[in-house]
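The numbering of the sequence shown is our numbering, which starts it at 14 and goes up by one. Let me begin by presenting the structure, written as structure tokens, before commenting on it.
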Amino acid sequence: MTDIKRNDTEIVRVSKREFKGHEFLDLRIYYQDDEGDYKPTKKGITINPKLVDELIDALNKEKDSAPVKE
Numbered sequence: 014m015t016d017i018k019r020n021d022t023e024i025v026r027v028s029k030r031e032f033k034g035h036e037f038l039d040l041r042i043y044y045q046d047d048e049g050d051y052k053p054t055k056k057g058i059t060i061n062p063k064l065v066d067e068l069i070d071a072l073n074k075e076k077d078s079a080p081v082k083e
């Protein structure tokens with residue numbers, strides 16, 4: 014499991030899960046509650062681990078693309 018700080022009260026958590034005998038990766042936003050514990054939100058995606066390289070390529074392509082015009 015890896016946590017990436019999004020802001021002062023949220024993280025993006027990347028974790029590996031299993032459901033009905035199948036592994037998948039979960040990328041989900043967690044918020045910090047009043048006690049300081051992180052709780053999951055509905056905001057996130059789950060993907061097949063076989064698609065990780067394709068997702069990384071797509072993220073890098075967008076990161077390196079021309080800036081968005083306003």
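Ideal Cβ placement from N, Cα and C applies to all residues, glycine included.
Secondary structure of residue i, DSSP reduced to three states
i	result
ASP16	strand
TYR65	Sequence inspection shows Val at residue 65; the Tyr mentioned does not correspond to that position. Helix.
ASP77	coil
ASP70	helix
LYS52	strand
GLU83	coil
Endpoints, the beta strand (DSSP E) within which residue i is located
i	result
THR22	First-last for THR22: undefined, no H or E at that position.
GLU36	35 to 45
Sub-8 Å separation of residue i and residue j beta-carbons
i	j	result
GLU67	TYR43	no
ASP16	ARG30	no
Would you check if the stretch 25 to 43 and the stretch 59 to 66 touch, i.e. whether three or more CB-CB distances between them fall below 8 Å? yes
Quick test of the definition: if touching needs 3 or more C-beta pairs under 8 Å, does the stretch 70 to 78 touch the stretch 41 to 54? no
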